[in-house]
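See structure below.
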Amino acid sequence: MTAAVAAVGRSGARQLSVLGGLARFVVRAVRAAARLTRAGRWVMLRVLINQIRFTALQAIGLVAFLAAILAFLVISQSIRQLGRFGAVNNLGTIMVVAVIRELGPLLTALIVVSRSGTAIAAEMATNRVMGEVTALEAMGIDPYIYLVLPRMLGAIVSVATLMVVFDAVALTSGFVAAATNGMGFQRYASIVLHTLSAKDVWLTLAKGVFFGAAVALFCSYHGLAVKAGPTEIPQAVTRGVVATIVAIFVMSALFVAIAT
Amino acid sequence: MTDLRGSRFLSASAPEVPGAPPLAYRDVDLLGRPERPDRRFSLTVEPEAVVAAIGDERSGIEALGQLALGLRAPTAGSVTVYGLPIAELPYYDLLVFRRRVGYLPAGDGLLQNLSLKDNVALPVRFATDHRLREVESRVSQLIEDFRLRAAAATRPAQASEEDRRRAAAARAVALNPGLVVLELPFDGLTSRVAAELLDRVSRRDDGGRRAILLTSHDLTLSVRNLVTRTVRVVDGAALEETK
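One line per chain: the protein sequences are L and X, in this order.
Here numbering that gives the first Met the number 0 is used: the first residue of the first sequence is 0, the next is one more, and so on.
Here numbering that gives the first Met the number 0 is used: the first residue of the second sequence is 0, the next is one more, and so on.
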């Protein structure tokens, strides 16, 4: 019994230690922004644009494809089921609450984690193993400025942008699904727009910021935590991705709790 | 050439102690053996001196560079740079203070996803507050001085050993430091290139000489001719010293 309690305590302490380390990591990354030099800003901008190109631009096709499929399926099924009870007017609620507000941000963040989160964690871990982080520190360059900050800003901008893309494609695809089930554009637009509010726009943007920051920070943190050598890189990537996914689901729940 | 000395990012850290040598090791335990107080390392690198610390893989010379940069704290004894115990500085002060010390780590330490030119530019871009144009002028000068024009756009993995080492040396002196630490800088280079690099690294922008500590397993004659003092490190201690 004592051993079991001790094991739980050890695990809890380990998780708290990770959270503490992560909190320090976030503070250092944010503080790093104040130490950017003039020329450094240009370099960071270049890294940032690259990050956005990789995280957002190259993922648009995938996000749009998945948004179209998801919205088409959800709306097609909903119209048929709701039609049986004469509750087609609730289609807007399903579209906005389920797809736009909850599934869209979740799916978008998961796509970014699987594409860019893995890349960020692997790159950071490689930087650490190859001694590049030490080389930066030896030159008097804060690794948080060069490595973490542009990726964090890039991920925030990318996730927020991709969420908007997801919503736009989902709304369009929803209309196609509605049209194939005999619903006209006017009616579809009126039902959906009646449910859509300014709060949904703010929620989407807020989720973009928080989910994007989580992708970059968790993956960077676990990537830079590598110590032993190259064999630890895949483990760091796994840790980073799993932690990010858990964080995104927890934040999603918190958003629901706060927003309602 | 862009004068970097006025940059607030170079001067905004703990002031150096007047008259202190650029680098001094006092009774440092290089091999992590507290039970052997008789095997301690002491060495002073005077201004404008080129000091070579020679030793094999088990001598402890691998630790000298990291100790000089404050990347590692001595477990016994002290390491001072311009009179300051560098490992005791707070992290951000330490980062700024390190800009006064050029460093060529073993292996070269170049960032693999940057071109050789961008590697050279890195410290000037991030560690000074100069305008982009001034930074580019400084980088172009370094590229010329270290004969890197032909290879400037290549990544480290595509460049030759010699070009990588030239880029790493150019990066080490990019901020015009008074002290440079070179870790095994000449491995895999011909003696002509090694001597040329050492001569270039030792010359300051204002025509004076830099203080240099270089570690090596051995020195060729052409390099030995440029060295002011040679210290042989055996089993963690400086055994003999030859002029």
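Heads up, the beta-carbon is just placed ideally off N, CA and C, and yes, glycines get one too.
For X/Val134, the chain L residues whose C-beta falls within less than 7 angstroms of its own C-beta are Ala38, listed in chain order.
Taking a Cβ-Cβ threshold of 8 angstroms, the residues of chain L close to X/Gly108 are Gly130, Glu131, Thr133, Ala134, Ala137, in chain order. X/Phe40: member of the beta strand (DSSP E) spanning 40–44, first to last residue.
Per DSSP, the unbroken beta strand (DSSP E) holding X/Glu182 starts and ends at 178–182.
L/Trp201 has a beta carbon lying at 7 angstroms or more from every beta carbon in chain X. Each residue's CA atom was taken as its position, placing X/Pro155 and X/Leu63 some 25 angstroms apart. Boundaries of the alpha helix (DSSP H) harbouring X/Ser201: 190–201, taken from the DSSP string. Remark: C-beta atoms of L/Val225 and L/Ala154 do not approach each other more closely than 7 angstroms. At least one beta carbon of chain L lies nearer than 7 angstroms to the beta carbon of X/Tyr102. Membership of L/Gly173 in the alpha helix (DSSP H) is indicated by the continuous run 148–179. Here L/Lys206 is buried. Its C-beta has 16 or more other C-beta atoms within 10 Å. Contact annotation: in the segment 208–235 of chain L, no residue has its CB less than 8 angstroms from a CB in chain X. If you look at X/Thr214, you'll find it isn't in any alpha helix (DSSP H); it sits in the beta strand (DSSP E) that goes 210–215. Among the residues facing chain L, X/Leu131 is included, as its CB has a counterpart in that chain under 7 angstroms away. L/Thr107 is classed as buried because its beta carbon has at least 16 other beta carbons within 10 Å across all chains shown.
Separation of X/Ser139 and L/Thr230 (C-alpha to C-alpha, rounded to the nearest whole angstrom) is 39 angstroms.
Between L/Arg150 and L/Gln50, the alpha-carbon positions lie close to 6 angstroms from each other. For X/Leu83, the beta-bridge partners assigned by DSSP are X/Val80.
Under the three-pair Cβ rule at 8 angstroms, the segment 133–153 of chain X does not count as touching the segment 157–175 of chain L.
Listed as beta-bridge partners of X/Arg25 by DSSP are X/Ser77. Contact between the segment 123–134 of chain X and the segment 205–217 of chain X is not established, with fewer than three Cβ pairs separated by less than 8 angstroms.
Within the segment 145–172 of chain L, Tyr145 place their CB atoms closer than 7 angstroms to a CB of chain X, listed in sequence order. Not flagged as an interface residue toward chain X: L/Val46, since no C-beta distance is shorter than 7 angstroms.
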